[in-house]
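Student: Below: one structure in structure tokens.
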Amino acid sequence: MSLRRPPLLSRLLLAVFLRGLEREVITGDLEEEFQHLAERVSGVDHARRWYRRQAWRAVGGRLLARGRRLVRIPAEKTMSGRSGRAGARLGGRARGGWVIMGELFRDVRFGLRALMRQPGFTGAAVLVIALGVGANTAVFSILDGVLLRSLAYPDAERVVRVWGGRALSKSTLAEMRENVTAFEAVSGFSSGRYALTGEGQASEMSGAEVAPSYFDVIGVRPALGRAFLPEESEPGRDGVVILAYDLWRGPFAGAPDIVGRTIRLDGVPRTVVGVMPEGYRPVRRSWTVWVPQTADPTDFGDWEGTAGTVVVARLAPGATPERADAQLAPIAQAIRDENPDVYGDEFVAAATVTSLQRATVGSFRTTLWVLAGAVTLVLLIACANVANLLLAKGESRGHELAVRRSLGASGRRLVRQLMTESALLGLLGGGLGCGLAWLTLWTFREHVATALPLGDRVGLNGTVLGFALAVSLVTAILFGLWPALRALRPDLRASLRGEARSPGRAGVGRPGMSRTLVAFEVAISLVLLTGAGLLIKSTWVLQRVDPGFRSEDLLTLHVNLPSGRYEEEGARVEYFRRIDERLSAIPGVVASGSISFLPMTSQHMSTLFTVKDRPKREGSPREYAMVQVTTPGVARALGMDLLGGRWIEPSDGKDAPRVCVINQAMSKAAFGDDDPLGEEIQLFGWFNATVVGVVSDMREIGLARPPGPGAFLAYAQLPGVGAMYVTVRTAGAPRELIPSVVEAVAALDGDVPVSQVASMDDVLRLSIADSRLSTAVLSIFALLALLLSVVGVYGVISFTVSARTYEIGVRAALGAPRGTVVREVLSGIAVPVALGMLAGIGGALGLARMVESLLYEVHPRDPAVLAVAAVALLLAAVAASVAPARRAASVDPVRCLKV
Amino acid sequence: MGRALGGFEQTILLALLRLGAGADGVSIRREIESRTGQEISTGALYTTLERLDARGLVSHELGEATPVRGGRRKKAYALEEAGLLALRESYDTFSVMVRGVEAQLDVTGEPETP
């Protein structure tokens, strides 16, 4: 006989879905014809196709037939708890293997009806699961989008930042390209802002100057046109630009002839050579134009931290970050040896590579993991609550189950029935939870995502939905299992004798489990409340930090002089002088001035400084100062405190002696307790200026960053940059002056783009948006946890009271004082709450280190926060107990004994 | 008499009539397929045969297991008296209804024999 076999899957299909004689006969027929076709008629391939077709049709037909028959089964039959085998007999031979499916179907129908009969219980359980699952799904979607999924670059794990994203000189870049074989490609970028003119109203574009092979490093090439050629990084040949897809579709209306067209950036004509692909967005940047970086040293020279390049590289296939680090070390050492005044040991130590993704998500990583931990805790509480609800329900159904059991329902059948109900609860809760998650994510995308790195990559996806579904099912089934197993061994006689009506005894085994769950909920809630409390306190402290300037009644905006214009000597200085002139004419404007970097925007420029005639002491650390270039009006506009000397004045022109104003920190760092006025310092290695004044320290990078040495220079004496922030002190609400201020600036020169118009208070708020966000989210989780624990506490006391109504009634009838009864009821919950609190305090202290890095000047074991959290939880528990305790006190002996 | 026969039921009964007693699923299917030129589903065939069996129009007995069937038994069917009656009734209904409209159906000539 031939060894040819029909297709395996089809045979399995038949084996699974057909039963008994039917399976034997049909499979036999198909086998016979298969062999016949294969050997004598049309060959094996055709036979296999035929067999497959026949098998699917046979199974499909049976599925349909059974489905129709199932729907017609009268529901009453299903409630008798008839066992599978009996059902199969009664259903006749055709029913066969469909018994299991049929029973499942019946269980589902019966389960749904059972759930609908108890809308209170079902609603509570579904809501609790939905809250837990919804919060989890939302947070894990964010985690998935931000952390777990890689960046949009091909082989993103090979894209690294070199030197921790520190700006380096361009010659270093060339050296790395030659000597570090662990890199497949090395490039660099520096971001910039460009005025796009000649296309209607001038607008400011954010963009990047990129070194050659930048597009090789990121692995994304223009979709239209080409990338930059190596020779386009030579001065004079760099008149080219690559546009973002959105810029091409938007302002350029998707013009098909865009490649080859000339546009003007900063007044410089550049030929469009490419358009990036749709959907490509640089990580955490809003770049819309890319221009070649020329090999030219910039105005400020080639110093670290001034006009450098952030180096990025693509690791060669198989190369490890460690190998790259090892190859970088000698280069770093050589640079340091050549410039001992500039670079220190920390420069060599920092010569490492970091995955771009890790670098991008940065500090937000901790926040997200903390939130993930918190939300998992919320889910655990939700699980505990569901378990409690199911336990309570299982107890109250003891009588029903006992009756069914005694009428012959098999234990397996009952357990399956209960499990089906649990699974249904899980599915309903999970479905609702997914809805909640979707809503949350939608809100997140609409309102928050822009403030977050990679926030636009967040969305519901199959993985996360699967996760949510699994979580809800496991929750429900796991916690439905226990009551279901209990149902297997009910004290039949006790239940049937009617003692279920006095469940004081029937439910003896249960409260222990419930109380454990309550203790668990209380503990977790306390941990979350403490965490939220710490963050709230930290944010509160942060918001009250004195930034060193007056942020209220302050309007700020950014202007960027196109570099093709205002090139002649003094033109820029004159422009900013006339801005001040025009602004002062607006009623309500008190003072105005311009500054190179607006505080709280993380932008800054720092450089080494030295004091003239004071040689650097051996072994003392080199000092960096943050340098700001300002116009005379800024001190009044920002409201800085002048501690000595004078501020920069209009008379500090380009021909006057060079002056600078330093802050307290710099005065201390450079001159100790000596008077700095009249001393001369050197910046950038070439700019010498005499100290004419000292101002109080100002937080420039962010509220959480304590101020360091800082120097303010006169714009008239260093007008190198055309992009400045104009600050306007107003008499009243700054936002109301926005139209007239913007109009005044635009009226001066319509080709100068104005952007980032905002009140300083808003800038401050935005600067701590991350910490405010995590505080808000963790607080919501903590409240959710608190709410769920309150429900848990309430549920347990409530159940105790109703379970002991009979007993309480008897005792009341015998003259027991109400107070004693209430005290006894409450003491039942006091122990688990107290134990939970203790465990929670332990947990909060233990987990303190996790949130440490998110806190600003708040100790992670802050006793006040812990105390407040504990008291809040205690009050909530007491509040939850009041209603059921009153119920216990008002039990009417006559009514409950009459039954 | 039960309800009228369906089209597929008529086809199967006619096949049994042609094949005589003892026809199994494979031969019934082959008979129908070779005459109509259309592939029929074995599953559907047995579903219908079971239905006819339940109505007493056909009967079956279990045959022996053969190696070509992978050691599985077969069912051999036979047309019952009731089945023959049902077929006749269907034929009567059909001929009464078709009389006078043959031209419109374009079936005036003798049907082609395969």
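Protein chains in written order, with the numbering used here: chain F, 100 to 998; chain R, 31 to 144.
Even glycine gets a Cβ: it sits at the ideal position worked out from N, Cα and C.
Roughly how many angstroms separate the alpha carbons of E61 of chain R and R205 of chain F, rounded to a whole number?
Tutor: Looking at the two C-alpha atoms, the distance is approximately 42 Å.
Student: Could you check where the beta strand (DSSP E) with E63 of chain R kicks off and where it finishes?
Tutor: Per DSSP, E63 of chain R belongs to no beta strand (DSSP E); it is in the alpha helix (DSSP H), G55 to T66.
Student: Just reading off the alpha helix (DSSP H) that Y107 of chain R is part of, what are its end residues?
Tutor: Careful: Y107 of chain R lies outside any alpha helix (DSSP H), inside the beta strand (DSSP E) at K105 to L109.
Student: Using a Cβ cut-off of 9 Å, pull out every chain R residue sitting near L108 of chain F, in sequence order please.
Tutor: Within chain R, no residue comes near L108 of chain F; the closest Cβ sits about 16 Å away, beyond 9 Å.
Student: Beta-carbon separation of V820 of chain F and S695 of chain F under 7 Å?
Tutor: Cβ atoms of V820 of chain F and S695 of chain F: closer than 7 Å.
Student: Between which residues of its own chain and L741 of chain F is the CB-CB distance below 7 Å, once the five residues before and five after are set aside?
Tutor: Cβ neighbours of L741 of chain F beyond the five flanking positions: A734, G792 and V794.
Student: Using a C-beta cutoff of 7 Å, does S71 of chain R count as contacting chain F?
Tutor: So, interface residue.
Student: Is it buried or exposed for S693 of chain F, if we count other Cβ within 10 angstroms and need 16 for buried?
Tutor: Buried, because 16 or more other Cβ atoms sit within 10 Å of the Cβ of S693 of chain F.
Student: Identify the residues that DSSP records as bridge partners of A415 of chain F: which are they?
Tutor: Paired residues: none, contrary to the question.
Student: Counting contacts by CB-CB distance shorter than 7 Å, is R102 of chain R in contact with chain F?
Tutor: Chain F, which has a Cβ nearer than 7 Å to the Cβ of R102 of chain R, makes this yes.
Student: Under a CB-based cut-off of 7 Å, is R156 of chain F close to chain R?
Tutor: So yes, R156 of chain F belongs to the interface.
Student: Which residues in the same chain as F770 of chain F place their Cβ atom closer than 6 Å to its Cβ, once the five residues preceding and following it in sequence are excluded?
Tutor: The answer is none, since no qualifying residue turns up.
Student: Which same chain residues end up closer than 8 Å to M518 of chain F when comparing Cβ atoms and leaving out the 5 residues on each side of it in sequence?
Tutor: These residues qualify, in order along the chain: I576, G579, L580 and A583.
Student: Could you pull out every residue in the same chain whose Cβ sits closer than 6 Å to the Cβ of R260 of chain F, ignoring the five residues on either side in sequence?
Tutor: Hits under 6 Å: V411, T453, L455 and A458.
Student: To the nearest angstrom, how far is it from the Cα of M949 of chain F to the Cα of I940 of chain F?
Tutor: Distance between the alpha carbons of M949 of chain F and I940 of chain F is about 15 Å.
Student: Could you tell me the alpha carbon to alpha carbon distance between Y379 of chain F and L564 of chain F, rounded to whole angstroms?
Tutor: Y379 of chain F and L564 of chain F: Cα-Cα distance of roughly 26 Å.
Student: Determine, using beta carbons only, whether A51 of chain R comes closer than 7 Å to chain F.
Tutor: No, A51 of chain R does not count as interfacial toward chain F.
Student: With DSSP run on the structure shown, which of helix, strand or coil describes L742 of chain F?
Tutor: Looking at L742 of chain F - three-state DSSP - the assignment turns out to be strand.
Student: Using a Cβ-Cβ cutoff of less than 6 Å, which residues in the same chain neighbour L757 of chain F once the five nearest sequence positions on both sides are dropped?
Tutor: For the record, residue 757 of chain F in the displayed sequence is Arg; it is not Leu. Closer than 6 Å at the Cβ level, and outside the excluded window around R757 of chain F, lie A788 and Q816.
Student: Strictly below 7 Å CB to CB, what residues from chain R border L129 of chain F?
Tutor: Near L129 of chain F (Cβ distances below 7 Å), the residues of chain R are T72.
Student: How would you list, in chain order, the residues of chain F whose beta-carbon sits under 7 Å from the beta-carbon of V126 of chain R?
Tutor: Per Cβ cutoff of 7 Å: no residues; V126 of chain R is ~33 Å from chain F at best.
Student: If you follow the beta strand (DSSP E) that G792 of chain F is part of, which residue opens it and which one closes it?
Tutor: Start and end: F786 to V794.
Student: Can the beta-carbon of S290 of chain F be found less than 7 Å from the beta-carbon of A307 of chain F?
Tutor: Their beta carbons are under 7 Å apart, which means S290 of chain F touches A307 of chain F by this criterion.
Student: Would L135 of chain R be called buried (16 or more neighbouring beta carbons within 10 Å of its own) or exposed?
Tutor: The residue in question, L135 of chain R, is exposed, as its Cβ has fewer than 16 Cβ neighbours within 10 Å.
Student: With a threshold of 7 Å between beta carbons, is V88 of chain R in contact with chain F?
Tutor: It does not: the Cβ of V88 of chain R has no partner Cβ on chain F nearer than 7 Å.
Student: At a Cβ threshold of 7 Å, is Q37 of chain R touching chain F?
Tutor: It should be noted that the sequence gives Gly, not Gln, for residue 37 of chain R. It does not; no Cβ of chain F falls within 7 Å.
Student: In or out: V170 of chain F buried (at least 16 other Cβ within 10 Å) or exposed?
Tutor: Per-residue confidence for V170 of chain F stands at a pLDDT of 48, beneath the threshold of 50, marking its modelled position as unreliable; the derived number appears in the next sentence. Burial call: exposed.
Student: Opposite P749 of chain F in the DSSP bridges: which residues?
Tutor: The partner list for P749 of chain F (beta bridge, DSSP) is empty, contrary to what the question assumes.
Student: Using only the alpha-carbon positions, how far apart do A857 of chain F and L682 of chain F sit?
Tutor: In a straight line, the C-alpha of A857 of chain F is about 16 Å away from that of L682 of chain F.
Student: In three-state terms, what does DSSP make of E598 of chain F?
Tutor: Model confidence at E598 of chain F stands at a pLDDT of 48, short of 50, so the residue's coordinates are unreliable and nothing is read from them.
Student: Can you give the beta carbon distance from P931 of chain F to V617 of chain F, rounded, assuming they're within the 8 Å contact cut?
Tutor: 5 Å between Cβ atoms; contact.
Student: Per DSSP, what kind of secondary structure is Y723 of chain F in: helix, strand or coil?
Tutor: Strand at Y723 of chain F.
Student: Within the region 832-862 of chain F, note down every full alpha helix (DSSP H) run reaching 4 residues or more, in order along the chain.
Tutor: Runs of the alpha helix (DSSP H) inside the region 832-862 of chain F: 837-847.
Student: If we ignore side chains and look at the alpha-carbon of each, how far apart do L226 of chain F and Q855 of chain F end up?
Tutor: C-alpha separation (whole angstroms): 43 Å.
Student: For Y76 of chain R, go through chain F and note every residue whose CB falls closer than 7 Å to its CB, in chain order.
Tutor: Simply E121, V124 and I125.
Student: How is the beta strand (DSSP E) around G54 of chain F delimited, first residue to last?
Tutor: Given that chain F is displayed from residue 100 to residue 998, the structure contains no residue 54 of chain F and the question cannot be resolved.
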